Amino acid sequence: MDDVAPCQHFVVQKLNQVEPSAEEALQRIITTLANKNEELHNFIETLNHLLAGVQVNSSRVVSDLEEEFDTLFSILEEAKESMTNTIKQEQARKSHELQNQMLQSTNALESSEELLEFATHALDIKDQEAFTKAAKQIKDRVTMAPAFRLTMKPKATDTMSHLMVDFSQERQLLQGLRFLPVPRAPEFEVQDCLVVDNAVTVVWRMPAEDSKIDHYILEYRKANHEGLPRVQDERCWEIVDNIKTTEYTLTGLKFDSKFMNFRVRACNKAAAGDYSDPVTLETKAFNFGFDPSSSHLNLKVEENSVEWDPQGGKGLDSKVKGKENKGSAHLTNLKNMTRSGTPSPKRGSTPRSPAPRGGRDRFTGESYTVLGDTSIDSGQHYWEVEALKDCKSYSMGVAYRNMGKFDQLGKTNSTWCIHVNNWLQSSFAAKHNNKAKSLEVAVPERIGVYCDLDGGLLSFYNADSKQLLHMFKTKFSQPVVPAFMTGGPMPRLNRTVVLALLIATSSIFLLFQLYYYRQYVSKWADSLQHGPLALSSKGYLAGKEAQWHLVKRFLGLARKFSLPVFLVDTVTLSLLTQEAELLKDSQLKEPQCTFLCTHRHFITFGLLGNVWKYDHGPKGAQDSFTKRAGTSICESILVYAFMGEYCHRYRYAGTTSQAALQDAAEERGLELLELRGKDPRLVGMDDLTGSEIPLHLLIRSDGHLLVHVVVLYERSGNYLWHGPLRLTPGIDHNFAPFRKLDFGRYAGAYDRPELILTTLDGLDVRLPKNFSHFLTEHSSSRFLECRYREAAAFYQLYPDDPSPEAMDFRMKAKSLLHLAARVLTELQVPFWLSSGTCLGWFRQCNIIPYSKDVDLGIWIKDYRHDLTQAFQRAGLPLKHKFGKIEDSLELSFQGLDVKLDIFFFYEDGDIVWNGGTQAKSGKKFKQVFYYAVISCMYVFPRFSLCWTELVDLRLRVPCETLDYVVANYGTEWNVPVKTWDWKSSPPNVQENGVWPIRERDDVIQVY
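Numbering of the sequence shown is given in full-length UniProt numbering, commencing with residue 1 and proceeding in unit increments.
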């Protein structure tokens, strides 16, 4: 036993040592199992949720599917009912006409049989006198007999083939019904993206055509590095949803970062697709605020605001620290939006060089000055200043950072400014080195400041009209800072000097102009300082030489082929309107490039097509011409006209082939691209095909320099028209910056300009004599063609009225419209086709034959008090006048059995409206046209005016014509209604009160 006991004791000891470890392992197993059980419970719960979701979502999509199919069934039923009704109507019409004709024929037959019987009996009359009398009666009755006046041609046929249908294509579409796929990721068109004027335009496309795309979601964010933002400075994406097109412009941006990232995704009804690959666009900008550390003590300065402080700067420290001044009642006198510096034409870098705060003495004495906190040490920069209405005296410009603390802007050789004083006697002057030059122009609401430090140029502009106010030419010896000065306190006037600064991005349009004559100013200033400057082609042209030589080669090509080209480039013409002296200087025969060289690498010329007014000429003449000339330059460059048996066309140096022009261009090192389109003057009710004519020519040199030639044709309204720029399949989209060209986004219409021959930059060039008028026209030149195809379809359903009454009304309405247009044009009152006249143009390309009047619209702001007298002098007496200038004005003039109604339109927030008055009751009515009609699909902008042609006359119509017509006539506008009631029929009419009894003699005048 003694031998065994130790062994037993040992075994017990071993068990006691192992047991705790097993418990821990078991506990871990229990914990693991518990966790796994919890995971399984959660997973089962998730599966239950998913199962329930599958059931709910399946029911939803089945419901949606049934709804979609019900909609299709409904559409098919409606289409079936409509087409069946059309067949029944056609059946009823033909049956009615044939039955009427049968009734007339039956009556004529009975009358003829009766007459035949009477004539037969007359043969038996023996008495000569009675026989003669009977014979005369028979002859008279035969003359008037219906049988001899009745046409024997059926008025209708039994064919119904024009109402046959073939739905094989639709069946294929229905058989191809599928579930919606997830949209593919869009792709950015980087070459078409544009950063300009505090706005970014991004353009993208789908890799394949997808008609199921409902909208796009655009996201963007700012970055300080090229490419995607780094992790440490990752910024949130900002979202723009519900974009309906493949192009979007972000406006009102503040370019306070070097780059912006963009990505976009496409969405259909089912889902949103993947994001596109992000694209990064550079947003160069010059940003600055105001420097409070050096400003006058009587100025309260924040980073973007300044105000006068008569307490001597109390609270300034808190403002410097960025705290808000709660006690000021006149805050925000100087606002700095800090938006500037879209890169200059040099494309130089735009570094931000913060000026050292506190590094100079504070302004004092009478120098109520504040400087910008960022220096300009290179490049070209632009900002704008806007003075509030109660701001009486202020200066703006640039200065060296070290200007004296007592110095005032413009009174030293280190400051340049323009000064505005509106206290007692208004003055507007440019100042430098204590010298002032009075500016004989009105003070603009906003003034643009352009500083080209490297070129030594400081210019001031009317920021709205781009008119040059004054220009300093100097040589800056050190960096400059934006500088501003208020007029200080004035006795007995308790006014806060208010100055609002808007630092805006450089206007590309403005920079183009500045860049053009920068070289001229440099040469002019140097000639004043150093004597006459000898110019050489190489030395003066520098980087512009290639552009100048391209224009020279193009003009030589035009002369060789007698192409009647003239300059229509908007930038060049804008510059010419501002500085006539530059035009005189440019007439030197020595090659200079003041006007014709542009930083945007293209210039635009117009090409006059010859007259063609709907005269197709004999078919034989066309065929013989085609056989003789083959593919002629008359066809490929200018439209040709057939006059009798002859083709009037331009002949070029003994040859008319397109190949000759192509060869001549290649000999000069030029590439030529011709863009053609259908001639709308040949499209009509009888021929919807038209004939293709050249619309645009693009002549390229060195792979990027371009001359854009816009072909202008004369229309029957004695005006010039150019077609839109459309890229057909096979056209190289990289041949030119198509989206940036001045002409071609839409068709356009212009008055025929009087041309003058002058010398620009040593080259003989034709240009409009009144180029200011041409530029004004260009801004509102958009042209809408009549919808001939839709009109032809309308006439298929509702044949035109050929009656003499309808033709007579249309002739009188045409004459009245021509007369009204002449009167209003002489008064310079813009007008447009309104109401029924607009509907007739839009629906059937003609005046509605059963209408009773001609309707025109005019903005009330364009009303003239001599308008009534002008119409009366033209032979149109006033028929009635309803309303007053402030409310519901309407004028009606009496023409030849046709009334001319002029409705005046009023703007009221987001709507426009014109009034109507019921003469008997004095009730007022209002027709409302929404500027912005918000729906789940899209937003309509306010309507603008476009040109069109009607009855051989160029007229205006609302550009958004469909919205305009739907607002006035509802969605059934395409169905003729001969019982239209202006008080109750329009869907947009509403009562607008009743004229007071005391006013009715003035507001209801009937003659």
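All C-beta atoms in this analysis are idealised placements derived from N, C-alpha and C, irrespective of residue type, glycine included.
Predicted model, so just to flag it, every value in this text is computed and none were measured.
Give me the Cα-Cα distance between V1006 and T157, rounded to the nearest whole angstrom.
-> 51 Å
Output the distance between the C-alpha atoms of G404 and F363, rounded to the nearest integer angstrom.
-> 8 Å
Any idea which residues DSSP pairs Y220 with across the strands?
-> E238, F262
Span of the alpha helix (DSSP H), counted from its first residue to its last, around C417 = Where C417 is concerned, there is no enclosing alpha helix (DSSP H), although the beta strand (DSSP E) it sits in stretches over 415-421.
Could you tell me which residues DSSP puts in a beta bridge with Q380?
-> D452
Same chain, Cβ closer than 7 Å to D192, neighbours up to 5 away in sequence not counted = V203, R739
Limits of the beta strand (DSSP E) - the one that A436 falls within = 435-438
Using DSSP with H/G/I as helix, E/B as strand and the rest coil, what is E674?
-> strand
Evaluate the contact criterion for the stretch 395-414 versus the stretch 440-457: three or more CB pairs, one atom per stretch, below 8 Å.
-> yes
If you compare alpha carbons, which of M807, A270, K254, L250 is closest to F262?
-> L250
Quick one: complete alpha helix (DSSP H) runs, 4+ long, within the stretch 93-138?
-> none
Starting from P958, trace the beta strand (DSSP E) both ways and give me its first and last residue.
-> 953-958
Residues bridged to I1004 (per DSSP) = F882
Inter-stretch contact at 8 Å, needing at least 3 Cβ pairs: the stretch 871-884 / the stretch 791-799 = no
Alpha carbon to alpha carbon, how far is M485 from G410? Give it in angstroms, no decimals.
-> 10 Å
Are at least three pairs of beta-carbons, each pair with one atom in the stretch 421-432 and one in the stretch 364-383, less than 8 Å apart?
-> no
Length of the line joining the Cα atoms of residue 1009 and F460 | A query on residue 1009 cannot be resolved here, the shown segment of the chain reaching from 1 to 1007 and no further.
Buried or exposed: which applies to residue 1011, given that a residue is buried once 16 or more other Cβ atoms fall within 10 Å of its Cβ?
-> An answer regarding residue 1011 cannot be provided, because it is not within the stretch 1 to 1007 covered by the chain.
What number of angstroms, rounded off, separates the C-alpha of N718 from the C-alpha of P186?
-> 46 Å
Please go through the same chain and pick out, in chain order, the residues whose beta-carbon is closer than 7 Å to the beta-carbon of G723, but skip the five residues on each side of it.
-> G677, L695, A747
In whole angstroms, what is the alpha-carbon distance linking R171 and L76?
-> 12 Å
Does DSSP put P996 in a helix, a strand or coil?
-> coil
DSSP three-state call for K899: helix, strand or coil?
-> strand
Identify, in the order they occur along the chain, each residue of the same chain with its Cβ nearer than 6 Å to the Cβ of A558, setting aside the five sequence neighbours on each side.
-> V565
Thinking C-alpha only, which one of F893, G836, D952 is nearest T979?
-> G836
Rounded separation between N413 and N462 - CA only = 25 Å
Unbroken beta strand (DSSP E) runs of length 3 or more, entirely within the stretch 762-823: which are they?
-> 763-768
What is the rounded straight-line gap between the Cα of E23 and the Cα of Y220?
-> 59 Å
Identity of the residues DSSP links to D400 by a beta bridge | The amino acid occupying residue 400 in the given sequence is Tyr; Asp does not appear at that position. Answer is V480, bridged to Y400.
For the stretch 877-889 and the stretch 848-867, state whether three or more C-beta atom pairs, one from each stretch, are separated by less than 8 Å.
-> yes
Going straight from the alpha carbon of K80 to that of L72, what length do you get?
-> 12 Å
Since I believe L757 is in contact with R766 (beta carbons under 8 Å), could you give me their beta-carbon distance rounded to a whole number of angstroms?
-> 5 Å
Check W841 in the structure and name its three-state DSSP category.
-> helix
For P958, collect the residues of the same chain with a Cβ closer than 6 Å to its Cβ; drop the 5 residues on either side in sequence, then sort them by chain order.
-> F943, Y964
What residues match up with L725 in a beta bridge as DSSP calls it?
-> According to DSSP, L725 bridges with nothing at all.
How would you write the range of the alpha helix (DSSP H) that Y750 sits in, first residue to last?
-> Where Y750 is concerned, there is no enclosing alpha helix (DSSP H), although the beta strand (DSSP E) it sits in stretches over 748-750.
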